[in-house]
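Student: Quick one: this structure, given as structure tokens, is what I'll be asking you about.
Numbering (the numbering used here), first residue to last: 33 to 322.
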């Protein structure tokens with residue numbers, strides 16, 4: 033007589049899944065809106081002041097959590113691209129080779145942690161022995177972190193996540209993508225152009241995809257005086273993985289040299305001030321304290 037020990041029970045089907053910070057929501061527990069939607073909703077009720085005051089603490093906690101999790105990262109590069117790209121697409125193949133090359137050059141790789149280009153980049157880095165980081169965010173549709181992420185954080189708020197992409201990266205590499213990818217690209221260019229970050233390489237990979245945009249930047253924006261001709265140099269366009277990584281390494285080295293030179297100048301000025309004070313003291317003593 034056969035006994036039922038429970039092993040033949042049907043597995044539960046969860047359906048949609050959403051990550052909200054440290055919380056995972058499934059099925060009927062998923063709210064109809066995201067934290068970002070609720071924050072930015074202009075049709076708030078009368079108690080919005082109280083809700084937003086408490087929300088500020090949650091926002092602060094996301095920054096604290098992100099800073100603590102990422103503060104000990106090795107030098108890293110943030111890589112962006114479409115979640116919709118197919119695994120056999122040209123950009124995914126390029127992304128996987130890029131992730132591996134960055135890992136071999138000693139860089140951790142940071143992506144949005146999703147599928148498509150992000151997953152390919154994380155896979156390349158992980159398989160090459162590098163640190164593969166994914167910064168996810170709560171979205172209205174199902175996504176979650178891809179299987180190649182070694183260190184993952186799920187954010188509620190886009191702006192907290194965007195800060196981490198910039199703060200812990202030495203460079204941005206941007207592969208073919210949609211609105212989100214363009215958002216990260218132009219934010220990086222704005223931060224460099226306005227001096228908020230310095231010597232921050234922005235590499236575009238996928239010349240077949242970006243050539244029209246680069247031409248428009250030159251022939252329309254720059255030609256019409258909306259950006260300077262020198263601003264076009266903020267973008268480095270290539271399909272060569274070794275060339276892209278080399279550009280990042282060179283910029284990183286140049287920044288280190290500039291930082292050392294600045295530190296040496298500070299030390300020399302301090303030493304000169306000490307000598308001047310010492311000479312003034314000796315002169316005062318020579319004159320008998322008069």
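Heads up, the beta-carbon is just placed ideally off N, CA and C, and yes, glycines get one too. No experiment lies behind these values; they were computed from the predicted model shown.
(1) Given 8 Å as the limit, is there contact between the stretch 119 to 132 and the stretch 92 to 101, that is, 3 or more CB pairs closer than that?
(2) Output the boundary residues of the alpha helix (DSSP H) element that contains residue 196.
(3) Do you know offhand how far residue 163's Cα is from residue 314's?
(4) Going straight from the alpha carbon of residue 11 to that of residue 85, what length do you get?
(5) Taking only runs that begin and end inside the stretch 104 to 162, name each unbroken beta strand (DSSP E) of 3 or more residues, in chain order.
(6) Indicate the three-state DSSP secondary structure (helix, strand or coil) for residue 65 in the structure shown.
(7) Does residue 210 come out as helix, strand or coil in the three-state DSSP assignment?
(8) My output table needs one value for residue 203: the three-state DSSP class, helix, strand or coil.
(9) Per the DSSP calculation, residue 222 is bridged to which residue(s)?
(10) Round the Cβ separation of residue 233 and residue 283 to the nearest angstrom and send it over; I've been treating them as touching at under 8 Å.
(11) How far does the alpha helix (DSSP H) with residue 239 in it reach, from first residue to last?
(12) Report the residue from 231, 272, 83 and 212 whose alpha carbon sits nearest the alpha carbon of residue 239.
(13) Count the CB pairs spanning the stretch 190 to 209 and the stretch 101 to 119 that are closer than 8 Å, and state whether there are at least three.
(14) So what does residue 187 bridge to, in DSSP terms?
(15) Can you give the Cα-Cα distance for residue 316 and residue 308, rounded to whole angstroms?
(16) Skipping 5 residues on each side, what residues in its chain have a beta carbon closer than 8 Å to that of residue 104?
(17) In terms of DSSP beta bridges, what is residue 164 paired with?
(18) How big is the Cα-Cα spacing for residue 65 and residue 276?
Tutor: Result, derived from the coordinates:
(1) no
(2) 190 to 199
(3) 58 Å
(4) Within the shown structure, residues of the chain are numbered from 33 to 322, placing residue 11 beyond reach of any answer.
(5) 108 to 112 and 140 to 143
(6) coil
(7) coil
(8) strand
(9) Answer is none; residue 222 lacks a bridge partner.
(10) 4 Å
(11) 239 to 248
(12) 272
(13) yes
(14) 169
(15) 12 Å
(16) none
(17) 141
(18) 39 Å
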